[in-house]
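*Asks:*
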Amino acid sequence: MQERYNPQEIENFWQARWAEEKPYRVSEEQGGAKYYLLEMFPYPSGRIHMGHVRNYSIGDVVARFKRLQGFNVLHPMGWDAFGMPAENAAIQNGTHPAVWTRENIANMRVQLKRMGLSYDWDRELATCDPDYYRWEQLIFLKMLEKGLAYKKSAAVNWCPKCETVLANEQVEEECCWRCDSRVEQQELDQWFFRITAYAEELLDWTHKLPGWPDSVLTMQRNWIGKSVGSEIDFRVDGRDESIRVFTTRPDTLHGATFMSLAPEHPLAIPLTLPDRRAAVDDFIRKVQRVDNIQRTSDDYEKEGVFTGSHCINPVTGEKMPIYLANFVLMGYGTGAVMAVPAHDQRDFEFARKYRLPVRVVIQPAGEVLTPDTMTAAWEGPGRMIASGDFDGLDSETGKVRVTEHLEAKGLGKQTVNYRLRDWLVSRQRYWGTPIPVIYCDTCGVVPVPESDLPIQLPTEIAFTGEGGSPLAGLSSFVNTSCPACARPARRETDTFDTFVESSWYFLRFACPHFTQAPVERSAVDYWLPVDQYIGGVEHAVMHLLYARFWTKIMRDIGMIALDEPFENLLTQGMVCKETRACPEHGWLYPEEVLDGRCSRCAAEVVTGRNEKMSKSKKNVIDPDGLIKRYGADTARLFTLFASPPEKDLEWNDQGVDGCYRFLNRVWRLVYENLDLVRDAAKIDASSLDGPARDLRRSVHRTIKKVTEDIDGSFHFNTAIAAVMELLNAISAFPEKESCPEVIKEALETVVRLLSPFVPHVCEELWRHLGHPESLELSGWPSWDESALIADTQLIVVQVNGKVRGKVTVPAGADDRTIETAALSDANVERFLEGKTVRKMIVVPGRLLNIVVG
RNA sequence: GCCGAAGUGGUGGAAUCGGUAGACACGUCGGUCUCAAAAACCGAUGCCUUCCGGGCGUGCCGGUUCGAGUCCGGCCUUCGGUACCA
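For the first sequence, our numbering gives the first residue as 49, with consecutive numbering after it.
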């Protein structure tokens with residue numbers, strides 16, 4: 049054994065051995081209960097970043113821990129390989145997306161292997177492989193049959209920079225989630241998945257996923273946005289048409305005094321009378337000019353225009369003027385709103401502006417609302433008034449009664465409205481899964497026959513960057529014949545959103561080489577659901593919702609028997625680092641700062657607060673450099689020790705040094721005691737006393753603590769801290785020669801407990817400690833309950849709740865003994881002088897509080 | 001606005017059920033070793049103080065309790081999500 053810790057040498061040795069012996073390869077036939085651990089697979093951007101290091105370090109601890117506990121652990125890795133960046137690289141430097149992607153995968157695979165992650169590499173998959181996406185095309189065909197996939201023309205989000213449409217989930221504050229460009233609304237013919245058909249089930253199951261963080265479940269619930277209300281039809285005065293509205297407040301129907309339509313509403317123009325036409329056209333044009341950001345901002349003034357037409361309130365029979373209003377959205381509900389100014393703030397403001405009548409129909413308790421003096425709408429509950437037969441009902445009951453009344457007359461019904469929209473899945477891009485349909489002038493949209501799958505992405509293609517889908521310009525791909533009538537036909541040139549591939553890769557990992565179907569039923573039945581899924585919270589309403597939806601789709605097609613894919617979810621925090629900026633030159637790298645000044649212009653540098661590592665902010669740490677300098681074990685240890693996994697991790701170079709020093713100390717302590725420990729006898733627990741017995745107690749307490757910290761709760765930082773404490777205790781142990789067997793157990797325990805976190809150095813130390821077989825075969829250590837018990841215990845003595853002394857008593861001492869000991873403590877006595885003891889409260893094994901007055 | 005999470009030393013963070021606030025680590029200071037430096041090791045480190053002791057301290061105000069970082073009521077701040085959602 050070398051005196052100095054040499055991580056590079058050790059890590060190379062063990063990684064080579066793992067590559068050769070494949071100890072992490074698994075099959076259904078292996079013994080033990082199954083445990084499926086999965087981290088969100090990466091996009092092959094070219095290099096791993098600290099976020100990957102953190103994500104995969106966390107996962108690897110759990111995988112290794114569960115394996116040591118005897119579970120049959122499935123821990124796979126693959127590549128989310130389709131997507132825009134590959135295509136952009138092709139346009140910029142002429143590299144084919146397939147080549148670019150394959151090279152990136154090769155690089156990143158090397159990087160991941162350098163981290164010593166315990167993956168079953170035999171299950172590796174890449175979604176751009178036809179052997180993967182062919183099954184996605186098959187599932188799509190089944191969805192088409194069931195009407196779960198369909199094509200329609202709709203106003204959709206268009207990203208001008210990516211030159212493709214986007215799903216609602218992929219638009220953040222009106223901007224493209226990938227490139228941050230402002231998205232535009234365009235009316236286009238696109239493919240959708242009917243996720244809305246699963247809205248209720250997706251929502252329902254958010255209440256049956258106790259292993260998920262509340263924050264993610266709440267986000268999904270809000271995204272689905274269920275609201276229960278009524279649909280009501282308003283007949284248009286003098287015309288044979290009616291306007292349907294959605295409202296959550298049917299109880300306020302008697303107070304509806306006008307109607308507001310979205311400017312895009314199909315009846316907007318037809319209902320406009322000739323003399324109002326000019327004003328209405330002006331208004332529509334004005335609204336169109338204003339983009340959605342402004343249109344949806346808080347201080348945007350409510351404006352509208354009268355169409356000249358009226359509709360009839362179905363309960364009062366009164367005429368209500370029909371307005372177009374800028375705050376009514378075509379995309380929610382029916383695009384028409386019955387306006388109740390007394391009980392809706394927006395309608396109230398609108399009514400005041402255009403001098404429309406305000407009628408109070410809900411009277412709150414203990415207050416009388418009068419239209420003339422009101423300064424805001426009353427949106428709360430109350431008692432119904434001015435509502436004919438419904439007068440006197442509370443508003444909640446009124447909702448039901450009014451709806452029943454309308455239903456009986458065929459004018460309305462109870463309904464549920466969701467905010468969730470169908471998932472727009474077609475993209476006008478090359479680097480994705482081809483959508484397997486053919487357009488025939490005679491037969492229309494014709495699915496590609498299953499026997500013709502896969503529809504392979506053609507490789508001979510030019511990337512001009514001049515707009516439009518590259519596939520559309522490739523006649524050899526586009527021109528085909530109709531599978532139904534054999535006449536000339538055209539292929540679909542759109543590809544799938546890359547979130548489609550990531551919606552089922554976790555199922556394919558159960559049987560990545562299966563050639564008969566998307567998944568092998570027995571393998572999925574065995575491995576799924578994923579017992580623990582780990583990834584960033586940024587996918588809360590994208591990937592995590594789509595994957596849940598897709599699982600239910602495959603279940604309903606009959607391919608699997610699974611309701612939910614992920615049993616437990618851990619959303620790890622971001623990796624952050626402070627930023628530095630020069631007022632003149634913007635963000636700066638650390639090496640561009642000299643003594644707090646910009647190295648170029650000597651201006652004082654502003655140190656920003658911690659922000660997510662990003663190249664643009666120049667606050668990234670490159671994992672490769674870190675691993676070269678300290679080794680993978682140190683990199684892993686720091687990311688696990690610095691912060692609990694679900695919180696953001698603040699990068700600290702000195703903290704990394706500290707972790708490296710700790711591993712050096714572990715190494716040195718083993719090295720220094722190697723001779724002592726080599727021939728140590730077995731422990732005879734009954735003969736131990738004094739410091740030796742205390743040390744053994746620390747050992748077993750640490751085993752218990754670390755086990756409980758890892759298992760289920762992921763308190764890796766405190767688990768590592770506990771091992772550090774144990775190491776400190778061993779270092780400080782006097783006369784180690786007197787009890788080599790206790791030192792041996794202590795050192796071996798340190799190595800075993802650390803092995804899920806820092807596997808290379810632990811394997812190496814384990815070998816030096818005289819174990820020819822891998823540490824992985826030794827199992828997870830168990831603690832000896834009897835070793836945890838101490839002879840004495842420290843009791844804190846409080847007087848009136850303040851700590852005044854500490855006494856040591858025999859373990860299990862009765863209250864009287866503790867009280868006597870406490871009362872004779874010199875410092876405690878000072879606080880009792882001249883006072884009467886009113887009562888004494890004993891907390892067994894912990895503390896005594898003496899109450900005096 | 002609504003929903004969710006969180007506020008603890010100079011810093012990252014610990015504190016099962018309400019029971020010693022600040023574990024562990026970083027940083028800083030002092031020391032040992034050294035010609036010197038690095039490494040390593042030892043010690044100190046919440047603030048104040050009259051320093052074997054005491055006072056004050058977990059965002060703010062109040063409450064419950066023998067005892068509150070932890071429970072209750074009311075605020076403030078930060079972060080994340082979402083929004084003219086009818």
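Cβ atoms here follow ideal geometry from the backbone N, Cα and C, with glycine treated the same way.
If you're wondering where the values come from, they're calculated on a predicted model, not measured in any experiment.
Whose C-alpha, out of P739, V771, K753, is nearest the C-alpha of V790?
*Replies:* Against the first sequence, residue 790 aligns to sequence position 742. For the residues P739, V771, K753, the minimum Cα distance to V790 belongs to P739.
*Asks:* Pairing CB atoms from the segment 94 to 112 with CB atoms from the segment 661 to 668, are three or more of them under 8 Å?
*Replies:* Result yes; three or more Cβ-Cβ pairs closer than 8 Å.
*Asks:* Closest to A434 by CA distance: which of F511, V653, T300 is it?
*Replies:* The residue given as residue 434 occupies position 386 in the first sequence. Ranking F511, V653, T300 by Cα distance to A434 puts T300 first.
*Asks:* What is the rounded straight-line gap between the Cα of R394 and the Cα of K350?
*Replies:* On the first sequence, residue 394 is found 346 positions in, with the first residue counted as 1. On the first sequence, residue 350 is found 302 positions in, with the first residue counted as 1. The alpha-carbon atoms of R394 and K350 are separated by roughly 8 Å.
*Asks:* Any contact of the segment 601 to 615 with the segment 252 to 261, i.e. 3+ C-beta pairs under 8 Å?
*Replies:* Yes: at least three Cβ pairs fall under 8 Å.
*Asks:* Does the structure place the segment 504 to 511 close enough to the segment 458 to 468 that three or more beta carbon pairs sit under 8 Å?
*Replies:* Flag = no, the segment 458 to 468 and the segment 504 to 511 do not touch.
*Asks:* For I675, is the classification buried or exposed, using 16 other Cβ atoms within 10 angstroms of its Cβ as the cut-off for buried?
*Replies:* In the first sequence, counting from the first residue as 1, residue 675 sits at position 627. Classification for I675: buried.
*Asks:* Which residue comes first and which comes last in the alpha helix (DSSP H) that contains C707?
*Replies:* Within the first sequence, residue 707 is the residue found at index 659, counting from 1. Segment 701 to 726, the alpha helix (DSSP H) holding C707.
*Asks:* Can we count A111 as close to the ligand SAM, meaning its CB is less than 7 Å from some heavy atom?
*Replies:* With respect to the ligand SAM, the structure shown offers nothing to examine, as it has no ligands at all.
*Asks:* Taking the C-alpha atoms as reference points, what is the distance between E626 and N658?
*Replies:* Locating residue 626 in the first sequence gives position 578, where the first residue counts as 1. Locating residue 658 in the first sequence gives position 610, where the first residue counts as 1. Distance between the alpha carbons of E626 and N658 is about 4 Å.
*Asks:* Just tell me which of L160, V109, C707 has its CA closest to the CA of D672.
*Replies:* Residue 672 sits at position 624 when you count from the first residue of the first sequence. Closest option to D672, Cα to Cα, is L160.
*Asks:* Which residues bound the alpha helix (DSSP H) around K274?
*Replies:* Locating residue 274 in the first sequence gives position 226, where the first residue counts as 1. Per DSSP, K274 belongs to no alpha helix (DSSP H) and is neither H nor E.
*Asks:* Could you have a look at E652 and say whether DSSP puts it in helix, strand or coil?
*Replies:* Within the first sequence, residue 652 is the residue found at index 604, counting from 1. DSSP places E652 in strand when its eight states are reduced to three.
*Asks:* Given this structure, state the Cα-to-Cα distance separating E366 from M267, to the nearest angstrom.
*Replies:* What you label residue 366 is simply residue 318 of the first sequence in a count that begins at 1. What you label residue 267 is simply residue 219 of the first sequence in a count that begins at 1. The alpha-carbon atoms of E366 and M267 are separated by roughly 42 Å.
*Asks:* Whole angstroms are fine: how far does the CA of V844 sit from the CA of D862?
*Replies:* Residue numbering aside, residue 862 sits at position 814 when the first sequence is read from its first letter. Residue numbering aside, residue 844 sits at position 796 when the first sequence is read from its first letter. Rounded to the nearest angstrom, the two C-alpha atoms are 15 Å apart.
*Asks:* Can you look up I341 in the DSSP assignment and give me helix, strand or coil?
*Replies:* For the purposes of this step, residue 341 is taken as residue 293 along the first sequence, with counting starting at 1. For I341, the predicted structure reports a pLDDT of 49, less than 50, and the residue's modelled location is therefore unreliable. The matter cannot be settled from this model.
*Asks:* Just verifying my parser: in three-state terms, what is the DSSP assignment at P71?
*Replies:* Numbered from its first residue, the first sequence carries residue 71 at position 23. Of the three classes helix, strand and coil, the one that applies to P71 here is coil, per DSSP.
*Asks:* Using only alpha-carbon positions, find the residue among A859, T655, M622 that is nearest to P638.
*Replies:* Taking the first residue of the first sequence as position 1, residue 638 is located at position 590. Ranking the options by Cα distance to P638, first place goes to T655.
*Asks:* Is the segment 617 to 624 in contact with the segment 204 to 224, if contact means three or more CB pairs nearer than 8 Å?
*Replies:* Counting Cβ pairs under 8 Å, fewer than three are found: no touch.
*Asks:* My assumption, with CB atoms under 8 Å, is that V899 sits in contact with K887. Please give the rounded CB distance.
*Replies:* Residue 899 sits at position 851 when you count from the first residue of the first sequence. Residue 887 sits at position 839 when you count from the first residue of the first sequence. Confirmed, Cβ separation roughly 5 Å.
*Asks:* Starting from R230, follow its DSSP beta bridges and name the residues at the other end.
*Replies:* To locate residue 230, count along the first sequence from 1; it is residue 182. Paired residue(s): C223.
*Asks:* Would you check if the segment 477 to 497 and the segment 529 to 549 touch, i.e. whether three or more CB-CB distances between them fall below 8 Å?
*Replies:* Judged by Cβ distances under 8 Å, the segment 529 to 549 makes contact with the segment 477 to 497, as three or more pairs qualify.
*Asks:* Can you find the residues in the same chain that come closer than 8 Å, C-beta to C-beta, to I605, ignoring five residues on each side of it along the sequence?
*Replies:* In the first sequence, the residue the question calls residue 605 occupies position 557. The residues are I187, K190, M191, K194.
*Asks:* Between which two residues does the beta strand (DSSP E) carrying F294 extend?
*Replies:* Here residue 294 corresponds to residue number 246 of the first sequence, with the count starting at 1. Where F294 is concerned, the enclosing beta strand (DSSP E) stretches over 290 to 295.
*Asks:* Would you decide whether L505 is buried or exposed? Buried here means 16 or more other CB atoms lie within 10 Å of its CB.
*Replies:* Within the first sequence, numbered from 1, the residue matching residue 505 stands at position 457. The residue is buried, with at least 16 neighbouring Cβ atoms inside 10 Å.
*Asks:* Pick helix, strand or coil for V847, following the three-state DSSP scheme.
*Replies:* Residue 847 sits at position 799 when you count from the first residue of the first sequence. If DSSP states are grouped into helix, strand and coil, V847 belongs with the strands.
*Asks:* Can you have a look at E415 and say buried or exposed, based on whether 16 or more other CB atoms are within 10 angstroms of its CB?
*Replies:* Reading the first sequence from its first residue, position 367 is the one you call residue 415. Label assigned to E415: exposed.
*Asks:* Taking E452 as the reference, which of I317, G142, I280, S872 has the closest Cα?
*Replies:* The sequence position of residue 452 within the first sequence is 404, counting from 1. Ranking I317, G142, I280, S872 by Cα distance to E452 puts I280 first.
*Asks:* Which word fits S803, buried or exposed, when buried means at least 16 other C-beta atoms lie within 10 angstroms of its C-beta?
*Replies:* Position 755 of the first sequence, counting from 1, holds the residue named residue 803. Looking at its Cβ environment, which holds 16 or more other Cβ atoms inside 10 Å, S803 is buried.
*Asks:* Within 10 angstroms of the Cβ of P314, are there 16 or more other Cβ atoms? Answer buried if so, exposed if not.
*Replies:* Residue numbering aside, residue 314 sits at position 266 when the first sequence is read from its first letter. Exposed is the call here.
*Asks:* To the nearest angstrom, report how far apart L196 and E632 are at their CA atoms.
*Replies:* Sequence index remark: in the first sequence, residue 196 carries index 148 (1-based). Sequence index remark: in the first sequence, residue 632 carries index 584 (1-based). Distance between the alpha carbons of L196 and E632 is about 55 Å.
*Asks:* If I'm right that V496 touches I486 with Cβ under 8 Å, what's the distance once you round it to whole angstroms?
*Replies:* Residue 496 sits at position 448 when you count from the first residue of the first sequence. Residue 486 sits at position 438 when you count from the first residue of the first sequence. The Cβ separation is near 6 Å, so the contact holds.
*Asks:* Please list the segments of the alpha helix (DSSP H) lying wholly inside the segment 845 to 895, counting only runs of 4 or more residues, in order along the chain.
*Replies:* With a minimum length of 4 residues, the continuous alpha helix (DSSP H) runs that stay inside the segment 845 to 895 are 863 to 871, 874 to 880.
*Asks:* Tell me the DSSP secondary structure of A203 in three-state form.
*Replies:* Residue numbering aside, residue 203 sits at position 155 when the first sequence is read from its first letter. Strand at A203.
*Asks:* Is the CB-CB distance between T244 and D470 below 8 Å?
*Replies:* By 1-based counting over the first sequence, the position of residue 244 is 196. By 1-based counting over the first sequence, the position of residue 470 is 422. Yes, they are a contact pair.
*Asks:* State yes or no: is the C-beta of P807 within less than 8 Å of the C-beta of G164?
*Replies:* Locating residue 807 in the first sequence gives position 759, where the first residue counts as 1. Locating residue 164 in the first sequence gives position 116, where the first residue counts as 1. Their beta carbons are under 8 Å apart, which means P807 touches G164 by this criterion.
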